[in-house]
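Below is one structure; the comments refer to it alone.
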Amino acid sequence: MTANVTHAPAARERQPAAAGSLAGTGQLIRLALRRDRIVLPVWALVIAFLASSGASAYEALYPDPADRAGLTASVAANPSFAIMFGPAYDLETAGGFAAWRFGTIAALLTSLIAAFTVTRHTRQEEDTGRQELLSSAVVGRYAPLTAGVITAGLFSAATGALLAAMIAGVGADATGSVAFGAAVALCGLVFTGVAAVTAQLAEYSRTANTLAGSTFGVLFLLRAAGDTSEAEWLSWLSPVGWVHRVRAFAENEWWVLALPAATTLALCAVAYALLPKRDVGMSLIAGRPGRAAAKPGLRTSLALSWRLHRGALIGWLVGFAVMGMLFGTLASGVGDIVGDSAEMKQMLQQMGGARGIEDAFLSSITGMVAMIGSMYAVQATLRMRYEETALRVEPLLTTGVGRLRWLGGHLLFVLAGTAAVLTVCAALLGLGYGLSSGDVGGEWPRVFGATLAQLPAMWVVAGAAVLLFGLVPRATVAAWALAAAFVLISMFGPILELPQAVLNVSPFTHVPQLPHAEFTATPLLWLTATAAVLVAVGMTALRRRDIG
Amino acid sequence: MTDNAASTTTSGTTAHEAIGVAGLRKTFGRTTALDGLDLHVETGEVHGFLGPNGSGKSTTIRVLLGLLHADSGDVHLLHGDPWRQAATLHRRLAYVPGDVNLWPNLSGGEVIDLLGRLRGGLDKRRRAELIERFELDPTKKGRTYSKGNRQKVALVAALASDVELLVLDEPTSGLDPLMEAAFQETIREVRGQGRTVLLSSHILAEVEALCDRVSIIRAGRTVETGTLDDLRHLTRTSISAELAGHPNGLANLPHVHDLRVDGNTVHFDVDTDALDEALRRLTDVGVRSLTSTPPTLEELFLRHYTDELPGTEAERAEKARTAP
Chain H
1 MTANVTHAPA ARERQPAAAG SLAGTGQLIR LALRRDRIVL PVWALVIAFL
51 ASSGASAYEA LYPDPADRAG LTASVAANPS FAIMFGPAYD LETAGGFAAW
101 RFGTIAALLT SLIAAFTVTR HTRQEEDTGR QELLSSAVVG RYAPLTAGVI
151 TAGLFSAATG ALLAAMIAGV GADATGSVAF GAAVALCGLV FTGVAAVTAQ
201 LAEYSRTANT LAGSTFGVLF LLRAAGDTSE AEWLSWLSPV GWVHRVRAFA
251 ENEWWVLALP AATTLALCAV AYALLPKRDV GMSLIAGRPG RAAAKPGLRT
301 SLALSWRLHR GALIGWLVGF AVMGMLFGTL ASGVGDIVGD SAEMKQMLQQ
351 MGGARGIEDA FLSSITGMVA MIGSMYAVQA TLRMRYEETA LRVEPLLTTG
401 VGRLRWLGGH LLFVLAGTAA VLTVCAALLG LGYGLSSGDV GGEWPRVFGA
451 TLAQLPAMWV VAGAAVLLFG LVPRATVAAW ALAAAFVLIS MFGPILELPQ
501 AVLNVSPFTH VPQLPHAEFT ATPLLWLTAT AAVLVAVGMT ALRRRDIG
Chain U
1 MTDNAASTTT SGTTAHEAIG VAGLRKTFGR TTALDGLDLH VETGEVHGFL
51 GPNGSGKSTT IRVLLGLLHA DSGDVHLLHG DPWRQAATLH RRLAYVPGDV
101 NLWPNLSGGE VIDLLGRLRG GLDKRRRAEL IERFELDPTK KGRTYSKGNR
151 QKVALVAALA SDVELLVLDE PTSGLDPLME AAFQETIREV RGQGRTVLLS
201 SHILAEVEAL CDRVSIIRAG RTVETGTLDD LRHLTRTSIS AELAGHPNGL
251 ANLPHVHDLR VDGNTVHFDV DTDALDEALR RLTDVGVRSL TSTPPTLEEL
301 FLRHYTDELP GTEAERAEKA RTAP
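Okay, here's the thing in structure tokens:
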């Protein structure tokens with residue numbers, strides 16, 4: 001890293017004043033690619049492999065036209081698929097199936113990695129003070145932002161190209177593969193632009209990433225709402241929806257690609273306009289002075305934990321409240337969008353009528369809520385490691401605060417915080433469904449309980465993160481990978497016909513599909529016990545290890 | 001080293017000892033950070049803790065604070081075990097780290113109060129006095145402080161606490177000369193109250209002004225301990241002399257180093273302890289003019305920092321004897 005930094009002055013000698021405010025961009029891009037030489041190619045491969053494995057599984061799962069027609073009919077009859085996966089346009093070909101089933105997840109991963117890459121090479125460099133070192137060398141005002149955007153853009157484009165090549169490689173239609181790859185790449189570019197803007201707005205890299213990630217969340221919900229209601233235009237407002245509306249492998253609507261391209265340009269223009277309005281290391285929103293003395297309540301490490309966690313927790317609570325209310329309202333009457341052809345009516349009948357469809361929809365929602373909510377648990381746990389590496393734990397542990405007390409203050413927000421996020425969502429999901437189906441008293445407890453049944457699985461994810469933090473602190477960040485693996489196994493394992501032993505690795509596999517299926521307490525007790533053991537081992541390990 | 005650990009468990013600390021470290025070892029993977037370090041700090045003294053970058057000062061301090069677990073060796077802090085009794089002992093000490101990082105959403109004043117309360121309360125009048133003395137604005141938030149101001153926050157929090165022991169890891173590396181003076185004044189007050197201070201520092205003037213005794217470490221080992229006067233005796237004086245005749249026998253003296261003879265003129269360094277004997281040799285020949293440069297503190301430290309071998313007194317004598 002340092003070796004590259006010292007190259008910067010040399011670059012200037014070779015091209016004096018050539019690029020002005022962009023001077024040094026090329027060097028910075030090389031530095032960024034050097035730093036990310038492992039992580040970006042790995043992600044591009046994972047994303048491309050996910051989607052192409054879906055395409056290759058399709059041939060084995062649905063070998064003849066009758067199976068494919070059956071799949072098409074059942075997906076059309078069950079709107080709960082559309083929440084997570086979006087609308088299906090062509091389930092008669094392997095490529096069309098992969099674009100439907102894996103379009104959203106490919107777009108999600110590409111977008112988030114692109115956004116984090118931008119933040120990493122812009123705002124995070126300012127956070128750590130490395131930017132000052134670079135800026136004092138010959139680096140133009142716009143160079144770091146340009147380098148970050150180009151690096152993330154290269155990643156998005158490479159991911160799209162790899163995706164297209166790998167899907168075409170397993171036998172999908174070449175034109176459709178290019179359209180799908182382009183749709184995913186352009187979604188990544190939009191979030192490159194989003195992150196370029198949030199890096200100017202936020203004062204810290206964590207905030208910038210959270211803003212970009214939340215933007216994806218909101219746009220995903222917009223798409224999900226549009227695809228599961230009659231207000232389809234909502235999906236057209238969302239870059240996440242555009243990925244599907246390209247209709248890759250079906251009609252290949254190339255013009256739709258102009259929407260994300262134009263959005264990217266507009267977002268970058270905004271970021272470039274905002275950049276000169278602030279100082280390096282500072283945000284656009286000037287910080288207000290704080291209190292000269294602490295309130296009487298700020299006297300324990302728990303009180304400090306509350307100060308550190310409350311912002312994120314409130315954000316998640318609000319987000320999950322909105323999500324619960326939105327999907328609760330959508331769930332009743334979700335059968336209406338299925339259509340009323342004779343074939344559909346028959347499918348409906350098989351699924352237990354409108355009631356059965358709504359229950360299936362609700363259990364999809366609770367599964368999705370749990371998977372997304374477990375990200376809060378990981379984020380809250382990682383906060384501890386962040387505090388440790390920022391050297392802010394030492395001053396606390398060298399007062400009268402013991403390690404377990406410090407940990408306990410954070411664990412409260414990890415475990416009870418996760419419960420609170422889920423409870424709020426469960427309450428509003430039940431309320432929304434109850435109100436729109438006209439039976440709050442009858443429906444609310446059923447939906448509320450069904451949602452809360454997900455809590456033990458979320459605690460297992462939290463427990464795994466705590467275990468990592470205690471046992472292998474340097475690898476705490478792998479908790480994200482672990483959580484992502486659980487989610488991917490649960491979302492795609494069944495359709496890829498993975499062995500049960502693999503499916504059982506994910507805690508979400510063990511949660512009864514309420515309210516659709518029967519309630520059984522045993523798996524929930526096992527999950528809770530697993531979570532407790534993981535947390536206990538993590539706590540013991542933290543007591544014994546070195547801090548710092 | 002390891003047998004120390006067994007034998008000094010009971011005898012390792014005396015009633016007057018605030019910190020007692022014997023044969024401390026700590027490795028990180030393949031790197032040996034501490035290699036049998038000894039450190040003894042008497043109650044009520046200001047003890048300078050010196051050594052080049054990466055010599056293990058911060059690692060020692062973090063073992064003393066129970067943040068790192070020692071591989072072997074004997075460590076006592078305020079007559080307790082810093083690893084097992086961390087939280088209890090910490091109520092009696094205050095620590096200022098070398099790198100002060102503050103919480104971005106807390107103001108400096110809030111951090112001072114929080115840390116003070118976690119230590120069991122702080123003196124409000126003292127807090128106000130220190131904030132004024134160090135010209136600190138307590139309303140700013142973590143991020144907006146400069147390095148020096150972040151250190152001031154940690155210093156005020158530590159100094160306003162009523163504790164027996166202060167552990168300061170390069171506490172003034174970001175302070176301006178005015179604030180350095182304020183710091184020295186405050187440490188003198190602290191010593192006047194009978195408290196103990198372990199001060200790791202690179203600022204020699206500060207060490208000279210404040211410390212009763214110093215320990216110098218290199219590569220994870222203690223190479224010298226004593227008062228500054230003790231240490232001065234271990235260093236060398238530079239001599240230039242014009243003699244009446246040709247100097248004889250100087251090169252054979254064990255305590256003479258870097259001897260250059262230019263006709264009747266000689267230049268050499270001599271261990272301060274052996275100055276007397278060297279001068280006698282010169283006067284035997286007859287001295288026409290003589291310049292003597294006394295050892296400075298800088299030289300003392302530079303010698304300890306740059307010697308190829310970790311030089312205890314015995315080792316250095318050995319080296320001098322074998323030198324040409």
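As given, the protein sequences belong to chains H and U, one line each in that order.
Just so you know, the first sequence maps onto residues 1 to 548 in UniProt numbering.
Just so you know, the second sequence maps onto residues 1 to 324 in UniProt numbering.
Ideal Cβ placement from N, Cα and C applies to all residues, glycine included.
All values derive from a computational prediction rather than experimental measurement.
Just checking: is the beta-carbon of residue i within a distance shorter than 8 Å of some beta-carbon in chain U?
i      : result
H/P289 : yes
H/M1   : For H/M1, the predicted structure reports a pLDDT of 37, less than 50, and the residue's modelled location is therefore unreliable. A value from the coordinates is still provided. Chain U, which has no Cβ nearer than 8 Å to the Cβ of H/M1, makes this no.
H/P473 : no
H/P515 : no
H/I547 : yes
H/R299 : yes
H/R307 : yes
H/E388 : no
H/T398 : yes
H/G353 : no
H/L382 : no
H/A294 : yes
H/G430 : no
Say whether chain H places a C-beta atom closer than 8 Å to the C-beta of residue i.
i      : result
U/D99  : yes
U/D113 : yes
U/A219 : no
U/L250 : no
U/Y95  : yes
U/E17  : no
U/E170 : no
U/E110 : yes
U/S107 : yes
U/T10  : Any reading at U/T10 is ruled out, since the residue's pLDDT is 40, under 50, leaving its predicted position unreliable.
Measuring only the C-alpha atoms, how far is residue i from residue j?
i                      : j      : result
H/L503                 : H/A532 : 21 Å
U/E17                  : U/H40  : 7 Å
U/T88                  : H/G400 : 6 Å
H/L91                  : H/Q350 : 21 Å
U/G109                 : H/A303 : 16 Å
U/G271                 : U/S238 : The sequence given here has Asp at residue 271 of chain U, not Gly. Those two C-alpha atoms are separated by around 9 Å.
H/L234                 : H/A179 : 22 Å
H/F85                  : H/F102 : 7 Å
U/L279                 : U/L130 : 52 Å
H/A11                  : H/T207 : Note that H/A11 scores a pLDDT of 42, beneath 50, so its modelled location is shaky; the value from the coordinates is reported in the next line. Looking at the two C-alpha atoms, the distance is approximately 33 Å.
H/H410                 : U/D229 : 50 Å
H/A8                   : H/K277 : Since pLDDT at H/A8 reaches only 43, below the 50 mark, its modelled position is unreliable, and no value is offered.
residue 550 of chain H : H/V118 : Missing from the structure shown is residue 550 of chain H; chain H here goes from 1 to 548 and no further.
U/V190                 : U/H246 : 56 Å
H/T476                 : H/V466 : 8 Å
U/L198                 : U/H47  : 5 Å
H/A464                 : H/D359 : 31 Å
What is the C-beta distance between residue i and residue j, in whole angstroms, given that I count them as a contact (C-beta under 8 Å)?
i                      : j      : result
H/S21                  : H/Y142 : 5 Å
H/A147                 : H/L28  : 4 Å
H/V424                 : H/A321 : 5 Å
H/V318                 : H/F361 : With 8 Å as the limit, H/V318 and H/F361 do not qualify as a contact, their Cβ atoms being about 23 Å apart.
U/G56                  : U/D38  : That pair is no contact at about 12 Å.
residue 549 of chain H : H/P473 : Summary: the structure shown does not reach residue 549 of chain H, with chain H confined to residues 1 through 548, and so no result is reported for it.
H/N252                 : H/G160 : Going by Cβ atoms, the distance from H/N252 to H/G160 rounds to 15 Å, so no, they are not a contact pair.
State the beta-bridge partners of residue i as determined by DSSP.
i      : result
U/S289 : U/E242
U/V270 : U/T237 and U/V256
U/R25  : U/D35 and U/S72
Taking Cβ positions, are residue i and residue j nearer each other than 8 Å?
i      : j      : result
H/A225 : H/L308 : no
H/A457 : H/H510 : yes
H/A115 : H/F220 : no
U/S200 : U/E180 : no
U/R119 : U/V156 : no
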